[in-house]
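Trainee: My structure is below; once you've seen it, I'll send some questions.
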Amino acid sequence: RTRAPPTDAFPCGLGERSACRAYTRAMIDWRAAVDASEAIVVVLDADGRVRDWSRAAQALLDDRAAPARGRALADLLPTSERARVAEALRTLAGGSATAAQASFDASLPEREGSRSLRWTLRKLAPTDGAAALVVASAVDRTEAARAEQAARAVRARWIEAEKRGSVADLVAGIAHDVGTPMTASLG
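With our numbering applied, the sequence shown has no gaps in its numbers, which climb one by one up to 188 at the end.
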């Protein structure tokens, strides 16, 4: 079932019923598309307060998502990550054309470890006098980070095995070199 967009998102007046219906339909279609994807998406106002989120973001934030509307995104992340969110929002607030996007890495604690997320914040240009919005999307890098860590461990074991193999070859060579003259002299 599709969740309706927040009621404060409707810029509808009483004299604009058809435009309001079209806008409402577009918002419901957008919500259905976002919720159908596995994308972690959080819509923020210009001050970094949460206006809406995708189902994937809700699943990631679990019990923190329900009271999230109106709270700062930084408040939903661990204290150690809040400065990164603030810096990304300051970058976007700069207003230059090059500051249309800002990224940062953050960890989100879970019951069994933590999730490694790569957040990207994008400023949406306001239209028709509407307030600016920021779309925060995150890519869960946890599995990739675990795979990289496992690959490093395998590489380290491989190098250690090669060193042991080289030492074994050296010892065998020395034993052969020592054994050959002894065999000739004893022999």
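No residue lacks a Cβ here, since even glycine has one placed at the ideal position from N, Cα and C.
1. Does T99 come out as helix, strand or coil in the three-state DSSP assignment?
2. Over the uninterrupted alpha helix (DSSP H) stretch that includes R19, give me the two end residues.
3. Have a look at D48 and A23 and give me their C-alpha separation to the nearest angstrom.
4. Quick one: Cα of V86 to Cα of T80, how far?
5. T59: which of V140, M28, V42 sits nearest, CA to CA?
6. Can you list, in chain order, the stretches of the beta strand (DSSP E) that have 3 or more residues and sit fully within the region 42-83?
7. Could you tell me how far apart the beta carbons of V140 and R123 are, in whole angstroms, since I believe they sit closer than 8 Å?
8. Could you check if R2 is buried or exposed, using at least 16 other CB atoms within 10 Å of its CB as the buried criterion?
9. Suppose you measure from the CA of A34 to the CA of A157; what does that come to, to the nearest Å?
10. Pop quiz: E82 and A57 are said to be a contact at Cβ under 8 Å. What is the actual Cβ separation, rounded to whole angstroms?
11. Using C-beta distances below 7 Å, list every residue in its chain close to R50, excluding the 5 sequence neighbours before and after it, in chain order.
12. Within a Cβ cutoff of 7 Å, which residues of the same chain sit near L78, ignoring the five residues on either side of it in sequence?
13. What is the rounded straight-line gap between the Cα of P68 and the Cα of E113?
Mentor: A quick look at the data gives this:
1. Unreliable positioning characterises T99 in this predicted model, as indicated by a pLDDT of 49, which lies under 50. A coordinate reading is not provided.
2. The question names Arg, but residue 19 is Ser in the sequence shown. Per DSSP, S19 belongs to the alpha helix (DSSP H) from 18-37.
3. If you draw a straight line from the Cα of D48 to the Cα of A23, it comes to about 28 Å.
4. Each residue's alpha carbon lies about 11 Å from the other.
5. The sequence shown places Gln at residue 59, rather than the Thr named in the question. Answer by Cα proximity: V42.
6. The qualifying runs are 51-54.
7. The Cβ separation is near 13 Å, so there is no contact.
8. With a pLDDT of 46 at R2, under the threshold of 50, the modelled position of that residue is not reliable, and the figure given next carries that caveat. Per the 10 Å Cβ criterion, exposed.
9. Within the model, the alpha-carbon separation for A34 versus A157 is close to 44 Å.
10. In this structure, E82 and A57 do not form a Cβ contact; the two beta carbons are roughly 19 Å apart against a cut-off of 8 Å.
11. Excluding sequence neighbours, R50 sits near G71, R72, A73.
12. Within the same chain, L78 has close Cβ partners V86, A107, L109.
13. Spanning the two alpha carbons is a distance of roughly 23 Å.
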